[in-house]
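Trainee:
Numbering (the UniProt record's numbering), first residue to last: 1 to 397.
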C-alpha cells in the first residue's frame, strides 16, 4: 500500500494540517495519531516527520513487508531487513540511480550525514511509538515490551548511530564580485534585465532584502504591507510571524523560524520598498486592496501572495542568463552572504560576544545561539587568508 504526505488547509482558522494518506486517499489511524502529537510544532516540522514515516513504508512496500502488522505481532524487522533499510535510507527520493559509479553521480544520489541522522532518529521514534501502542494492549507478563526494547536498541545501533555520506556540501555565501554582478542584473534600468517590466522592481526589492537584511525566504514572504517602519536612527523592516494564516491562500504558507525583530535598513532599501508599494504594487488597482495582507504579491491577474516558487524562479532565471557568475545561485546563499558581509565589514572580532550578539539580533536567533559560525564559512576563510598572507610577508617568503 502506497503512502503519501499531504499538507491541507483548515478553512476555519487557516492553519495547515499534515496528513498521511494511503493509495485510496484514506488516512491510516496509527500514523496520523502519531502526527497529531506534534500539532504544536510548525507544519514544516510535521511534514518532515510525515515524509520520514512515508520513507520507511515505501521501503517496506518494495519488499512486500506489512510494517504495521510486523510491529503489532512482535515479529519486528530482521537484521538483514534493517541493513536493507539502512542502505535505502541513504538515497534521495529523486536519486537518478541506486548504483552510482562515480563520486560526481554519488553526490546527486545520497543525502548528507545530518539529513540521514535526522530521518533515522524520527523513524526510530515512530517505531517506538507503534510498539508502545500495541504493548499497552498486552498483559504485563507478555515478553513483547522486552522484545520491543531490544528491537529499538538494535535499530538505533544499526540505523540511527550509523552515518550517511560523510561528504557534506559546504554552503558558502556569494563573493563581492558576484554580488555586484547580481545587483547589476536586477536593476530595472538595465536593458538586459531578464524579468518582465511589471515585476522588475518587485524582484529587485526581493533580492535586495534577502541580500542586505539576512531575512529568510519565509520571513520575506510573511512581510506585511506596513513592514517598513520609521525609527529614531532611520528605517527598519519588521519581521513577524505569519499571523494571518486564515487569509493566506498559499498551499505551503511561509514559516518564520526565528524571533520577530526590526532589521535596520539603509535609505536605499527603504526608498525601494516605498517606491514598490506606491508604484508597481499600487498601480494594479483596487484588486490589490482585496488581496491578502502581504507585501509581496505574485503577477497573476488576480493577485495572491508571492510563494516560495516565485523566489526560486527568480534565482533560476538569473542562473540561466549568467551561468558564468550565477550558476549555483540559490535563495539560501543570500543569508550566508549577509553574514559574510557582516563579518568582513565589522571592526569587531567575529568570535567576540559583542559581534555574536549583534549577529543574533539581526538574524533572529536566541541569545545563546551558535548558528552564526555555520553562515560565515567564506568570510572566515578570507580572514584566515589575510592572516597567513601577513604572516608570510614578514619573512619575505
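Here a beta-carbon is modelled for each residue, glycine too, at the ideal position from N, C-alpha and C.
With a Cβ-Cβ cutoff of 8 angstroms, do residue 302 and residue 331 count as a contact?
Mentor: Reading the chain shown from its first residue, position 302 is the one you call residue 302. Reading the chain shown from its first residue, position 331 is the one you call residue 331. No, they are not a contact pair.
Trainee: Does the distance from the C-beta atom of residue 237 to that of residue 263 stay below 8 angstroms?
Mentor: Working through the chain shown from its first residue, we reach residue 237 at position 237. Working through the chain shown from its first residue, we reach residue 263 at position 263. Going by C-beta atoms, residue 237 is nearer than 8 angstroms to residue 263.
Trainee: What is the rounded straight-line gap between the Cα of residue 184 and the Cα of residue 390?
Mentor: For the purposes of this step, residue 184 is identified with residue 184 of the chain shown, where counting begins at 1. For the purposes of this step, residue 390 is identified with residue 390 of the chain shown, where counting begins at 1. Each residue's alpha carbon lies about 33 angstroms from the other.
Trainee: Give me whichever residues DSSP pairs with residue 360 in a beta bridge.
Mentor: Here residue 360 refers to the residue found at position 360 when the chain shown is read from its first residue. Bridge partners of residue 360: none, in fact.
Trainee: Closest by CA to residue 201, which one among 191, 215 and 186?
Mentor: To locate residue 201, count along the chain shown from 1; it is residue 201. Considering only alpha carbons, the answer is 186.
Trainee: Using the three-state DSSP reduction, which class does residue 292 fall into: helix, strand or coil?
Mentor: Here residue 292 is taken as the residue at index 292 of the chain shown, counted from 1. Coil at residue 292, not helix or strand.
Trainee: Determine the contact status of residue 52 and residue 127, defining contact as a CB-CB distance below 8 angstroms.
Mentor: The residue given as residue 52 occupies position 52 in the chain shown. The residue given as residue 127 occupies position 127 in the chain shown. Taking 8 angstroms as the Cβ cut-off, residue 52 and residue 127 do not qualify as a contacting pair.
Trainee: Could you please give me the residues that DSSP links to residue 264 through a beta bridge?
Mentor: By 1-based counting over the chain shown, the position of residue 264 is 264. The partner list for residue 264 (beta bridge, DSSP) reads 236.
Trainee: Going by Cα to Cα distance, which pick from 275, 220, 274 and 79 is closest to residue 257?
Mentor: The count along the chain shown starts at 1 and reaches residue 257 at position 257. Taking only the C-alpha atoms, the option nearest residue 257 is 220.
Trainee: Tell me which residues share the same chain as residue 85 and place their Cβ nearer than 6 angstroms to its Cβ, disregarding the 5 neighbours each side in the sequence.
Mentor: As a working mapping, residue 85 is identified with position 85 in the chain shown. Counting only Cβ-Cβ distances below 6 angstroms, and skipping sequence neighbours, we find 59.
Trainee: Counting only beta-carbon separations shorter than 8 angstroms, does residue 191 have a partner in chain C?
Mentor: As a matter of chain content, chain C is missing from the structure shown, which is built from one protein chain.
Trainee: Assign residue 25 to buried or exposed, taking buried as 16 or more other Cβ atoms, counted over all protein chains shown, within 10 Å of its Cβ.
Mentor: Reading the chain shown from its first residue, position 25 is the one you call residue 25. By the 10 Å Cβ count, residue 25 comes out exposed.
Trainee: Are the CB atoms of residue 20 and residue 3 nearer to each other than 8 angstroms?
Mentor: Here residue 20 refers to the residue found at position 20 of the chain shown. Here residue 3 refers to the residue found at position 3 of the chain shown. A contact, by the Cβ cut-off of 8 angstroms.
Trainee: Going by beta carbon distance, what residues of the same chain come within less than 7 angstroms of residue 27, once the five residues before and after it are set aside?
Mentor: Along the chain shown, read from residue 1 onward, the residue named residue 27 stands at position 27. Counting only Cβ-Cβ distances below 7 angstroms, and skipping sequence neighbours, we find 19, 20 and 21.
Trainee: My output table needs one value for residue 244: the three-state DSSP class, helix, strand or coil.
Mentor: Taking the first residue of the chain shown as position 1, residue 244 is located at position 244. Correct three-state label for residue 244: coil.
Trainee: Is the distance from the Cβ of residue 268 to the Cβ of residue 205 below 8 angstroms?
Mentor: Counted from its first residue, the chain shown places residue 268 at position 268. Counted from its first residue, the chain shown places residue 205 at position 205. Result no, Cβ atoms of residue 268 and residue 205 do not sit closer than 8 angstroms.
Trainee: Expressed to the nearest angstrom, what Euclidean distance is found between the alpha-carbon atoms of residue 318 and residue 299?
Mentor: To locate residue 318, count along the chain shown from 1; it is residue 318. To locate residue 299, count along the chain shown from 1; it is residue 299. In a straight line, the C-alpha of residue 318 is about 18 angstroms away from that of residue 299.
Trainee: Output needed for residue 284: all residues of its chain with C-beta closer than 7 angstroms, excluding positions within five of it in sequence on either side, in chain order.
Mentor: Reading the chain shown from its first residue, position 284 is the one you call residue 284. Only 303 meet the Cβ criterion.
Trainee: Tell me the DSSP secondary structure of residue 8 in three-state form.
Mentor: The residue you call residue 8 lines up with position 8 of the chain shown. Residue 8 falls in the strand class under three-state DSSP.
Trainee: Could you check which residue in 307, 111 and 171 has the C-alpha nearest to that of residue 89?
Mentor: The residue given as residue 89 occupies position 89 in the chain shown. Minimum Cα distance to residue 89 is reached at 111.
Trainee: Would residue 160 and residue 120 qualify as a contact pair, given that the criterion is a beta-carbon distance under 8 angstroms?
Mentor: Position 160 of the chain shown, counted from the start, is the residue given in the question as residue 160. Position 120 of the chain shown, counted from the start, is the residue given in the question as residue 120. Contact flag set, yes.
Trainee: Taking buried to mean at least 16 other C-beta atoms within 10 Å of its own C-beta, is residue 388 buried or exposed?
Mentor: Along the chain shown, read from residue 1 onward, the residue named residue 388 stands at position 388. That one is exposed.
Trainee: Drop a sphere of 10 angstroms on the beta-carbon of residue 235, count the other beta-carbons inside from all chains shown, and report buried for 16 or more, exposed for fewer.
Mentor: Taking the chain shown and counting its residues from 1, the one referred to as residue 235 is at position 235. It is buried - the Cβ of residue 235 has at least 16 other Cβ atoms within 10 Å.
Trainee: With distance defined between alpha-carbon atoms, name the residue in 194, 95 and 91 nearest to residue 115.
Mentor: Taking the chain shown and counting its residues from 1, the one referred to as residue 115 is at position 115. Of 194, 95 and 91, the residue nearest in Cα terms is 91.
Trainee: Tell me, please, which residues DSSP counts as bridged to residue 315.
Mentor: The sequence position of residue 315 within the chain shown is 315, counting from 1. Per DSSP, none; premise fails for residue 315.
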